[in-house]
Structure formats: structure tokens, C-alpha cells
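Student: Quick one: the structure is below, and I'll ask about it shortly.
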Amino acid sequence: MARYLLEAGDYGLARFAVSPLTELGSSLRALRSPGSYPMQAPWYAAVCRVRDQLPLDVLSGLIGPNFDTPDLFNPRVGVPLTIEAQLAYLRDQDLRVLASDIESAVGAIPRSLGSRSLGSHGRSFGDRLADALAAYWRTAFQPHWPRMRAILDADVARRARSLAANGVIDTLNGCGPGIRADTTSITAHILGRGDDELTLYTRGRPLFVVPSLFTLSSSTPLGDSDPLVMYQATDQRSMWTDTVGRPGEAGPLSPHRLRYLRALGQGQSTTALAERFGVSPSAANQSLRAMAAQGLVRARRDGRTVMYERTPLGDQLSDPG
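Read left to right, the sequence shown gives residues 21 to 341 (the working numbering).
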């Protein structure tokens, strides 16, 4: 169990966000124990097909026996939440800090990264770490990220609505049984930690609240990095719907959903789409919401109208070529 003690005003600095690097690090748990993450079985099956292209000698050394991962995967204040910016930040970090971070979580630095010393060996260590994570991203994540990102974005949007309606404490308490918040603290119940209690402090720093596809309960940093609470994203079961064999490929999309995808163009409202195909707005809305959950379309508001447009994955699947 980990408990953040908050100072006055700290709740105003809480930020729900999607962190690609955090998700990359969390996915190492599914590589270690795929049976613990049944909803990600299609992703794991796809990764197994490219396993020989992964830097497993590095990746296996970045997760501890208790499924701990180094805090270097956590989002940082001031660093844009893109994989490119986050990896660039890693390359610029003090090598002693990176090495200590890995040792704290895992116990030792992976031999494949080389020496933790400074000089040419030290720079090689930092660059090889970022290079290995970039290769893992390109091979195992980039093909499937639009679908994954759609689920995570939908979760964050849900929390934003809750923040507006219920406030931050109720919203945090709605992030699953692993997180409990009150006026002075946030508690994360971490699986495998038993009765051990870790006390952390926000100390006036922004708090990232991050949904994940690869956590079974909740998680926090091991050390005094930027404050973070991670929780299990909702509505994951629809993520791999309409796929055959591997995530991200065109599966058995029903003919009417494929027609919807191709008709969206730069954006269509539910009413316009329903009129075009002679169906009720509720039927069109049901199909669009299902495709949004699959990462094929996304909604945006234009005044009082909700417009749907294709995601990059939707563009791929709608391409007649």
C-alpha cells in the first residue's frame, strides 16, 4: 500500500493523462506473466510473432521479481506526453540517476546495457536504454497504439466528466477499488505488497493520474519522482473486437460499419449519417460508439453537435485498396 500525503491546494494540481512511456513500461508485466492480463491476449499473441525483433535482453532486466518497474517510465512535469519527447528526456538524464532507478526497482542493471559508469561507457548505457525502448515501441506498440489509445482517451474523458460533476475526490474514488482518496491523502493498494506501507508526498507538485491497460489494481512510484497514481482503465473488453489473428488488422467489420467508416470523411454527425443510410439516429449512434471503443473513430464537439471522425486506424481499415 502506498499513501500520498497532500498539502493544501494539491488536489487542484491533479491531472488525468495518458502517458505512452508509462504504458510501455507497464506492459513488461504482461510480457512476464501474460496469463495475468487476459484482456491483452490478442496483443501478446501479436508480440509473440515478432518476439525475435524485441530487445528482450534489456526488457527482461527492467522489471523486478515483484513486477516493479523503474520510475524512469513515469511522466514528468514539463515533458510532453508523446513517446518521442519522453524518450528524448530519458537520453538527457543524469546516468547515475537512471542507473540507481533501475537498481532500486530490479536489483541490478541489465548486462546488455553495459557499465553504469560515466564517460563513453556511461553515455552508451543511457543511449542503449532509450534505443531499446524505442525499438520495443516501434515493434510491439506502434502498430496497435491507435486502438489502445482510444480506450485510454475514452477513460480520461469519462474522468473529466466526473470531475466537472462530482469533484476530484469522488472521481478518484471512482477509479476502481485500488484507489481511495480523502481530503488529505490518496491511497493506492498495490498487489503483491501485502501490509507494507509506503508514504509519499506531493509537496505542492502536480499529480499525474494515469489509466493503464497493464495494471491489475493501482500503482505509484517507488521513489520520490513526480507524483503519480496509476489505475486500471475501464471498458477494455471492446478493444480487440473486429480483429482476426492480430490486433490492428482489418477483421470482420460488418458491411454497414464499413460503410459508416468510409462515409465519415472529415467528420459527420450521428443525425447526418442516419439520414444518409436511412437508419434511426439511435442505431447509427450505437454503431459509432462501438467503433469509438474499438479505436476506429473519435468524437469531437462542434458547438452543440457531436461530430465523429476516423482515427488513423479507421483510415487504414476504410481504405478500399
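Cβ coordinates follow ideal geometry from the N, Cα and C atoms, glycine included.
Predicted model, so just to flag it, every value in this text is computed and none were measured.
1. Between the alpha carbons of residue 76 and residue 117, how many angstroms are there, rounded?
2. Thinking just about the alpha-carbon of each residue, which of 299, 233, 86 and 287 is nearest to the one in residue 276?
3. The alpha helix (DSSP H) with residue 336 in it runs from where to where?
4. What do you get for residue 197, buried or exposed, if any count of 16 or more other CB atoms within 10 angstroms of its CB means buried?
5. Residues in its own chain within less than 7 Å of residue 293 by CB, not counting five upstream and five downstream?
6. With DSSP collapsed to three states, give me the class of residue 259.
7. Decide if residue 108 is buried, meaning its Cβ has at least 16 other Cβ atoms within 10 Å, or exposed.
8. Mapping DSSP to helix, strand and coil, what is residue 205?
9. Are the beta-carbon atoms belonging to residue 229 and residue 95 less than 8 Å from one another?
10. Mapping the DSSP letters down to three states, classify residue 221 as helix, strand or coil.
11. How would you write the range of the beta strand (DSSP E) that residue 232 sits in, first residue to last?
12. Considering only DSSP beta bridges, list what residue 67 is partnered with.
13. Heavy atom of the ligand FMN less than 7 Å from the Cβ of residue 46, yes or no?
14. Who are the near neighbours of residue 132 in its chain, counting only those whose CB is closer than 6 Å to its CB and skipping five residues on each side?
15. Please state the DSSP three-state secondary structure of residue 103.
16. Helix, strand or coil for residue 239? Go by DSSP, reduced to three states.
17. Please look up how many angstroms separate the CB atoms of residue 111 and residue 81, rounded, as I've assumed it's under 8 Å.
18. By the DSSP assignment, the beta strand (DSSP E) with residue 251 in it spans what residues?
19. Please report the distance separating the alpha-carbon of residue 210 from that of residue 301.
20. Keeping to the same chain, check which residues put their C-beta closer than 7 Å to that of residue 296; ignore five residues upstream and five downstream.
21. For residue 321, which of helix, strand or coil comes out of DSSP?
Tutor: In this structure, then:
1. Cα-Cα distance, rounded: 23 Å.
2. Of the candidates 299, 233, 86 and 287, the one whose C-alpha sits nearest the C-alpha of residue 276 is 299.
3. Unbroken alpha helix (DSSP H) run through residue 336: 332-338.
4. The residue is exposed, with fewer than 16 neighbouring Cβ atoms inside 10 Å.
5. Spatial neighbours of residue 293 in its own chain (CB-CB distance under 7 Å, excluding positions within 5 residues in sequence) are listed in chain order as 280, 283 and 304.
6. If DSSP states are grouped into helix, strand and coil, residue 259 belongs with coil.
7. So residue 108 ends up on the exposed side.
8. Strand.
9. No. Outside cutoff.
10. Assignment of residue 221 by DSSP, reduced to helix, strand and coil, places it in the strand class.
11. From DSSP, the beta strand (DSSP E) with residue 232 extends over 227-232.
12. Secondary-structure assignment with DSSP links residue 67 through no beta bridge to anything.
13. Ligands displayed in this structure: none; no statement on the ligand FMN is therefore possible.
14. Within the same chain, and ignoring the five residues on either side of residue 132 in sequence, the residues whose Cβ sits closer than 6 Å to its Cβ are 77 and 78.
15. Looking at residue 103 - three-state DSSP - the assignment turns out to be helix.
16. Correct three-state label for residue 239: strand.
17. Not quite, the Cβ-Cβ distance comes to about 18 Å (not below 8 Å), so this is no contact.
18. Start and end: 248-252.
19. Looking at the two C-alpha atoms, the distance is approximately 44 Å.
20. Within the same chain, residue 296 has close Cβ partners 283.
21. DSSP, read as helix, strand or coil, puts residue 321 in strand.
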